[in-house]
Amino acid sequence: MSSWPKYSIQEVYDKIKGDKQKVIWDKMVWNRLSVPKHRFISWMAVQSKLQTTAKLAQVGISTSDRCLICHNGAEDHVHLFFQCEYSERCLNDLKRWLGITSSSSTLQELIRWLKRTKQSKFVKQVFYAGLAALLYYVWQARNSSYWNALIPSVEATGKQIRAIVKIRIGTVTTTED
Ligand SMILES: [Zn+2]
């Protein structure tokens, strides 16, 4: 034991902690029912790696840090997913559709809830696919606001999410097994 370097316990602890954090979202990001481009945006979102307006303002690329969708707060990951009025309404729409009973509206808590919920593996995969699609379309709405000065309605976004998740389930479940 005495030959171990002093810092090894801290290092091991950090590694375990790091792995635990990863385990929270791995099921969602690598979910086979999620569309690949939704997985990519989810992976960026759960790690707070999207180039949000708040982040761009911090490095001087943007002069404002306001949310491009609602203009009512600094656009960081916590705001976009899902403090923003628009994204929260889209989330509630998704919850109603899939029967997600969690009252949570933060991404990390939602992922934890989805992981713990007593549902079949398939239902959980559908939940994850829905959430990944939501992250993708909220990010799209934000980008569309910037590039096209156009934000799709909550209804239109919900409709798109439902359509793409249904198609994906149909494609994946009929081409596998
Ligand atoms: Zn907003």
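The sequence shown runs 399 to 575 under the working numbering. Note that beta-carbon positions come from the ideal geometry of N, C-alpha and C, so glycine has one too. Predicted model only: the values in this text are computed from it and were never measured.
At a cut-off of 8 Å, would you count residue i as near ligand 1, judging by its Cβ distance to the nearest heavy atom?
| i | result |
| --- | --- |
| L508 | no |
| I467 | yes |
| L489 | no |
| H386 | Residue 386 lies beyond the stretch modelled for the chain, which goes from 399 to 575, so this question has no answer here. |
| L448 | no |
| S551 | no |
| L478 | yes |
| G471 | yes |
| S462 | no |
| Y484 | yes |
| Q538 | no |
| Q445 | no |
| Q481 | yes |
Using a C-beta cutoff of 9 Å, does residue i count as contacting chain B?
| i | result |
| --- | --- |
| A561 | Protein chain content of the structure displayed is limited to a single chain, and chain B is not contained in it. |
Using the DSSP secondary-structure output, state which residues sit across from residue i in a beta bridge.
| i | result |
| --- | --- |
| R376 | The requested residue 376 is not part of the displayed model; the chain covers only 399 to 575. |
Count the other CB atoms within 10 Å of the CB of residue i; is the residue buried (16 or more) or exposed (fewer)?
| i | result |
| --- | --- |
| Q445 | exposed |
| V457 | exposed |
| G556 | buried |
| Y484 | buried |
| A547 | exposed |
| N429 | buried |
| H397 | Given a span of 399 to 575 for the chain in the structure shown, any question on residue 397 remains unanswerable. |
| S432 | buried |
| K564 | exposed |
| F520 | exposed |
| K516 | exposed |
| I459 | exposed |
Which residues in the same chain as residue i place their Cβ atom closer than 6 Å to its Cβ, once the five residues preceding and following it in sequence are excluded?
| i | result |
| --- | --- |
| H436 | A530, A531, Y534 |
So, for residue i: in the same chain, excluding its five sequence neighbours on each side, which residues have a beta-carbon less than 7 Å away from its beta-carbon?
| i | result |
| --- | --- |
| E473 | T450, T451, A452, D463, R464, C465, L466 |
| R560 | W495 |
| R510 | I422 |
| S502 | L508, W511 |
Can you list, in chain order, the residues of its chain with a C-beta nearer than 8 Å to that of residue i? Leave out the 5 residues immediately preceding and following it.
| i | result |
| --- | --- |
| H475 | A443, S446, L448, T450, L505 |
| Y526 | K425, M426, N429, L431, S432, L512 |
| I549 | I467, Y484, A539, S542, S543 |
Worksheet item: Do the segment 438-446 and the segment 421-428 meet, that is, are 3 or more Cβ pairs less than 8 Å apart?
Response: Contact between the segment 438-446 and the segment 421-428 is established, with three or more Cβ pairs separated by less than 8 Å.
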